[in-house]
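So the structure is just underneath, and the comments pick up after that.
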């Protein structure tokens, strides 16, 4: 899903990868440990299907662990299990 900015000023949600601004994982790059021991998640900004910039979300161990818990909860919920 992505948020696109329309003439209304508010964003609209679309699953169309060629429309709007998206932030996606960089498929050819793996997660990595930074020199400071944090976890780097490679991301790419895509505008209307065109990659415009790569960057990295850097998380502490605690932040990454918290994100994992949230992802696990959402995955279980999506599979129809108990949250």
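Residue numbers (this note's numbering): 2 to 84. Positions of the beta carbon are idealized from the N, C-alpha and C atoms, including for glycine. Computed from a predicted structure; not experimentally measured.
Cβ-based burial, residue i [other Cβ within 10 Å; buried from 16]
i          : result
residue 74 : exposed
residue 16 : exposed
Reduced DSSP secondary structure (H/G/I, E/B, other) of residue i
i          : result
residue 64 : helix
residue 23 : strand
residue 57 : strand
residue 33 : strand
residue 39 : coil
residue 52 : strand
residue 76 : helix
Cβ neighbours of residue i in the same chain (closer than 7 Å, five flanking residues each side left out)
i          : result
residue 32 : 40, 41, 42
residue 50 : 18, 19
Residue of the options minimising C-alpha distance to residue i
i          : options        : result
residue 89 : 47, 35, 19     : As displayed, the chain neither begins before 2 nor continues past 84, which places residue 89 out of reach and without an answer.
residue 61 : 70, 54, 38, 52 : 38
Own chain partners of residue i with C-beta closer than 8 Å, once the 5 adjacent residues on each side are dropped
i          : result
residue 36 : none
Residues of its chain near residue i, where Cβ-Cβ distance is below 6 Å and the 5 sequence neighbours each way are ignored
i          : result
residue 22 : 48
Cutoff 8 Å: residue i Cβ touching any chain C Cβ
i          : result
residue 70 : Absent here is chain C; the protein component of the structure consists of one chain.
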